[in-house]
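Numbering (our numbering), first residue to last: 2 to 163.
Don't be surprised by glycine CBs; every beta carbon is placed ideally from N, CA and C.
Notes to accompany the following structure.
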Amino acid sequence: MHYVTAELLTKSFGIHPLFSNLSFHINEGDKIAIIARNGVGKSTLLRILAGKDTPDEGKLWIHKDVTVALFEQDPHFNESGSVLENIFHSTHPVMQAISAYEAATDANDADAIGKALIRMDELGAWEFEAKVKQILGKLNIHHLQQPAHALSGGQRKRVALA
């Protein structure tokens, strides 16, 4: 099954084409690499795949069960916030579900609470903090209360990856 299909994608900036008529499939289990010289559209292609940009021409299909996340070259953080605060204030679907639950409980809305609890169960939100801490540990990030401004460049990328 194709998780991602691109057909004849074309992208230009002004009169300068980055790529044209690019077609490919990504299947479950595929490992891919995009290798090319600087300035030929690698990051732009990834932004298109993540839905942050659109091609000038061509079609892109992403399977409904696939989420494409873009790992930015220069991660943005709340510099005064801790590692954990930055992760837990992300746009991750689990964090959105937790926020919806908190809003529903604040409003004392039983229907919304029920829906939020179901969504949190679907996403495994109850184990989210433990999973995040485990991933950070595997990425050699152990000082979770450290402010983002104190992280090295490599640490910043690993926190963004988590």
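Inter-stretch contact at 8 angstroms, needing at least 3 Cβ pairs: the stretch 93-102 / the stretch 37-49 | With a cut-off of 8 angstroms on Cβ pairs, the stretch 93-102 is not in contact with the stretch 37-49, counting fewer than three such pairs.
Reduced DSSP category for proline 148 - H, G, I as helix; E, B as strand; rest coil = Look at proline 148 here: in three-state DSSP terms it is strand.
Could you pull out every residue in the same chain whose Cβ sits closer than 6 angstroms to the Cβ of glutamate 58, ignoring the five residues on either side in sequence?
-> Thr11, listed in sequence order.
How many angstroms separate the CA atom of glutamine 146 from the CA atom of alanine 126?
-> Looking at the backbone, the Cα of glutamine 146 and that of alanine 126 are separated by about 21 angstroms.
When you compare each of Asn39, Glu29, Lys32, Glu86 to alanine 149 by their alpha carbons, which one comes out closest?
-> Checked all of Asn39, Glu29, Lys32, Glu86; the closest Cα to alanine 149 is Glu86.
Determine the DSSP secondary structure at threonine 6, reduced to helix, strand or coil.
-> Correct three-state label for threonine 6: strand.
Integer Cβ distance of alanine 105 from alanine 113, believed to fall under 8 angstroms = About 4 angstroms separates the CB atoms of alanine 105 and alanine 113; that is less than 8 angstroms, so the two are in contact.
Asparagine 22 beta carbon less than 9 angstroms from that of histidine 3 | At a Cβ-Cβ threshold of 9 angstroms, histidine 3 and asparagine 22 do not count as neighbours.
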